[in-house]
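Peer 1: Line by line, the protein sequences are chains A and B. As numbered in the numbering used here, the first sequence has no gaps in its residue numbers, which increase by one up to the final residue, 597. As numbered in the numbering used here, the second sequence has no gaps in its residue numbers, which increase by one up to the final residue, 226. Beta carbons: idealized from backbone N, C-alpha and C, even for Gly.
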Amino acid sequence: MSEQSRYDRDDPLVGALFAASHAERPSDRAVEKTLAAMGATASVLTATAATHAATSALATKPAASVVGWALLAKWTGIGVSAGLVTVAAAGAAERWVAPPTSAVVPVVSAAAPLAPRPAPRAPAPRLGAEQPVHADETTNAAPRRSDLALSRPTPNSSPAAAPDAVTDALQEELLCIDGARAALESGRASDALSRSERCEREHPGGRLSLEALLIRMYALQKLGQGAAARTIAERLIAIAPKSPHAARARALLESGDENSVIDPPPAGEHGSRTN
Amino acid sequence: MVSWASIPEPSEQVEAGAAHAPVPGSEAPASRERALVLAHFPAVWRALRRFGLSAADADDAAQQVFLSAVRRLDQIEPGRERAFLCGVAANVAFKARRSAARRREELDDFENRAGSEPSAEQLLEQRRARELLDRLLATLEQDVRIVFVLHELEELTAPDIAEALAIPLGTVASRLRRGREQFARGLARYRIRTGAKR
Numbered sequence: 323m324s325e326q327s328r329y330d331r332d333d334p335l336v337g338a339l340f341a342a343s344h345a346e347r348p349s350d351r352a353v354e355k356t357l358a359a360m361g362a363t364a365s366v367l368t369a370t371a372a373t374h375a376a377t378s379a380l381a382t383k384p385a386a387s388v389v390g391w392a393l394l395a396k397w398t399g400i401g402v403s404a405g406l407v408t409v410a411a412a413g414a415a416e417r418w419v420a421p422p423t424s425a426v427v428p429v430v431s432a433a434a435p436l437a438p439r440p441a442p443r444a445p446a447p448r449l450g451a452e453q454p455v456h457a458d459e460t461t462n463a464a465p466r467r468s469d470l471a472l473s474r475p476t477p478n479s480s481p482a483a484a485p486d487a488v489t490d491a492l493q494e495e496l497l498c499i500d501g502a503r504a505a506l507e508s509g510r511a512s513d514a515l516s517r518s519e520r521c522e523r524e525h526p527g528g529r530l531s532l533e534a535l536l537i538r539m540y541a542l543q544k545l546g547q548g549a550a551a552r553t554i555a556e557r558l559i560a561i562a563p564k565s566p567h568a569a570r571a572r573a574l575l576e577s578g579d580e581n582s583v584i585d586p587p588p589a590g591e592h593g594s595r596t597n
Numbered sequence: 029m030v031s032w033a034s035i036p037e038p039s040e041q042v043e044a045g046a047a048h049a050p051v052p053g054s055e056a057p058a059s060r061e062r063a064l065v066l067a068h069f070p071a072v073w074r075a076l077r078r079f080g081l082s083a084a085d086a087d088d089a090a091q092q093v094f095l096s097a098v099r100r101l102d103q104i105e106p107g108r109e110r111a112f113l114c115g116v117a118a119n120v121a122f123k124a125r126r127s128a129a130r131r132r133e134e135l136d137d138f139e140n141r142a143g144s145e146p147s148a149e150q151l152l153e154q155r156r157a158r159e160l161l162d163r164l165l166a167t168l169e170q171d172v173r174i175v176f177v178l179h180e181l182e183e184l185t186a187p188d189i190a191e192a193l194a195i196p197l198g199t200v201a202s203r204l205r206r207g208r209e210q211f212a213r214g215l216a217r218y219r220i221r222t223g224a225k226r
């Protein structure tokens, strides 16, 4: 099928339609989110592979079955412990809120403070994407550490907990950035500035740190702090000279007038929502 | 005022194979993965749009395509990334459209839109042109549409399409022929309604 066999592009209307298609582009944000998701997936896969490798290595030893039982016992122990804590909390709550004559302990409601918190919005696609299997998801009875602990990995975190921690950290950062961006888009530049600074403070070196910087740049510019905005722009260019962020920073620098306002990205022509 | 759309897309800024300067402390994907996204995301996203997905759904679907591709990166022959990605995109779009068909929010029947046809002047605007293109493409059968888009718009060769979709070359040819016929019929109907001349 040669080039000559392609549809008649000499027809001006067809040419215009096809050219319009070629001119359509995804938002930079969609690209960034995919890169971020790929980074998270790579981390998860690496951690999972490390876990599997460790398990495989153990399995080659004569004591493999012992280790297996030890793991089972560990999770069972955690499950039992969690259950005991739940029952204890229920009992305490009952003593606190119920009259002494109450014979029925409302376990479910009393244990609510220990229930898993609602899952934050995930960065993964919603269209039935294959999700990487987390090591701790392979054990149905095991409680998810992310439900019981802080999302940030701790020095004591087990390898199995690392994927959740990484994903949670990214989700938190995404939420933080989304808040700053929403503030910027709704014209609350001051709020956007403080939020973007908070994102940088709480997620130093995060995957979306360039995004936070960019929002800070726009917010400063909207607040009339052109010089500060230009400083951020120069920093963005220095950190990632070929990134889309740097292109925007250059646009700001090239605008010349420190007080001229360059519009931030549209509120979601291609969906600026968090995945 | 600087137009946001005037910012070049990443693929124009970064040559394939090159990676951005890493963000300090970030866990950026490996360079080939990153280059894959930067070089091919716009084309994959555009193909997904022409397959019938909304912009927001195309964002999600494109992400899914690349996440899927990363898992099979070692199977992708260097130089054939685009065909591979388009093949995955076709599958993802097919599944996505099956669920989106229930919503049916954007692909109304082409025939029922005769009264709102854009004029020839308005067609100069790219957005209008894309709307018309998408409506014309929506009249094509989905499997025909995928082949038509990949060949006519994304300019993949027939052997590449056959490989990407895992279908015989003859099937590609027949779908392409049907796609052209159906597209031409839709275009002719549009011209009759609007009086647009060739």
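Going by DSSP, what residue range makes up the alpha helix (DSSP H) through E191(B)?
Peer 2: Run containing E191(B): A186 to L193, per the alpha helix (DSSP H) assignment.
Peer 1: Does any residue of chain B have a CB that is nearer than 8 Å to the CB of Y329(A)?
Peer 2: Chain B, which has a Cβ nearer than 8 Å to the Cβ of Y329(A), makes this yes.
Peer 1: Quick one, which residues of the region 85-100 of chain B are near chain A if we go by CB-CB under 8 Å, in chain order?
Peer 2: Residues passing the 8 Å Cβ filter: D85, A86, D87, D88, A89, A90, Q91, Q92, F94, L95, S96, V98 and R99.
Peer 1: Can you give me the C-alpha to C-alpha distance between L492(A) and D87(B), rounded to a whole angstrom?
Peer 2: Between L492(A) and D87(B), the C-alpha separation is close to 18 Å.
Peer 1: Are the C-beta atoms of E37(B) and some chain A residue less than 8 Å apart?
Peer 2: Any reading at E37(B) must be qualified, since the residue scores a pLDDT of 35, below 50, and its modelled position is unreliable; the value itself is stated next. Yes, its Cβ sits closer than 8 Å to a Cβ of chain A.
Peer 1: Which two residues bound the contiguous alpha helix (DSSP H) that contains Q103(B)?
Peer 2: Note, Q103(B): premise wrong, no alpha helix (DSSP H); not H, not E.
Peer 1: If the cut is a Cβ gap below 8 Å, which residues of chain B does M360(A) touch?
Peer 2: Residues of chain B passing the Cβ test: P57, E61, R62, V65, F94, L95 and V98.
Peer 1: Within 10 angstroms of the Cβ of R213(B), are there 16 or more other Cβ atoms? Answer buried if so, exposed if not.
Peer 2: R213(B) should be labelled exposed.
Peer 1: In this structure, how does DSSP classify S531(A) when only helix, strand and coil are distinguished?
Peer 2: Here S531(A) sits in helix by DSSP.
Peer 1: Of all the options L76(B), A97(B) and V65(B), which has the alpha carbon lying nearest to the alpha carbon of A118(B)?
Peer 2: Measuring from the Cα of A118(B), the nearest candidate turns out to be L76(B).
Peer 1: Report yes or no: is there a C-beta of chain A within less than 8 Å of the C-beta of A157(B)?
Peer 2: Output row for A157(B): interface = yes.
Peer 1: Do we get a CB-CB distance below 8 Å when we pair E524(A) with the residues of chain D?
Peer 2: Here the protein chains are A and B, and chain D is not one of them.
Peer 1: Quick check on this structure: which residue in G198(B), R205(B) and L178(B) has the alpha carbon closest to the alpha carbon of A192(B)?
Peer 2: Closest option to A192(B), Cα to Cα, is L178(B).
Peer 1: Secondary structure at S39(B), three-state DSSP: helix, strand or coil?
Peer 2: With a pLDDT of 37 at S39(B), under the threshold of 50, the modelled position of that residue is not reliable, and the figure given next carries that caveat. Reduced to three states, the DSSP call for S39(B) is helix.
Peer 1: Using 10 angstroms around the beta-carbon of L197(B), count the other beta-carbons present and answer buried if the total reaches 16, otherwise exposed.
Peer 2: It is exposed - the Cβ of L197(B) has fewer than 16 other Cβ atoms within 10 Å.
Peer 1: So which residues of chain B does T553(A) contact, with C-beta pairs closer than 9 Å?
Peer 2: In chain order: nothing, as chain B lies at least about 17 Å away.
Peer 1: Taking 8 Å as the CB-CB limit, is E180(B) close to chain A?
Peer 2: So, interface residue.
Peer 1: Can you tell me which of the three DSSP states L178(B) falls into?
Peer 2: Of the three classes helix, strand and coil, the one that applies to L178(B) here is helix, per DSSP.
Peer 1: Count the other C-beta atoms from every protein chain shown that fall within 10 angstroms of the C-beta of A514(A), then say buried if there are 16 or more, exposed otherwise.
Peer 2: Its Cβ being crowded by 16 or more others within 10 Å, A514(A) is buried.
Peer 1: With a threshold of 7 Å on Cβ separation, who are the neighbours of E182(B) within its own chain once the five nearest residues in sequence on each side are excluded?
Peer 2: Cβ within range, chain order: A71, A75 and C114.
Peer 1: Can you list, in chain order, the residues of its chain whose CB lies under 8 Å from that of V336(A), leaving out five sequence neighbours each side?
Peer 2: So the qualifying residues of the chain are Y329 and D330.
Peer 1: List, in chain order, every chain B residue whose beta-carbon is nearer than 7 Å to that of S343(A).
Peer 2: Correct list: R74, R78, R158, L161 and L181.
Peer 1: Following the continuous alpha helix (DSSP H) through D162(B), name the residue where it begins and the one where it ends.
Peer 2: Residues Q154 to A166.
Peer 1: In terms of residues, what are the limits of the alpha helix (DSSP H) holding Q210(B)?
Peer 2: Q210(B) -> alpha helix (DSSP H) spans L197 to T222.
Peer 1: Measure from the C-beta of P234(B) to each C-beta in chain A and report whether the shortest distance is under 8 Å.
Peer 2: Examination of residue 234(B) is not possible in this model, given that chain B is present from 29 through 226 alone.
Peer 1: Does the contact criterion of 3 or more C-beta pairs under 8 Å hold for the region 527-536 of chain A versus the region 562-580 of chain A?
Peer 2: Yes, the region 527-536 of chain A is in contact with the region 562-580 of chain A.
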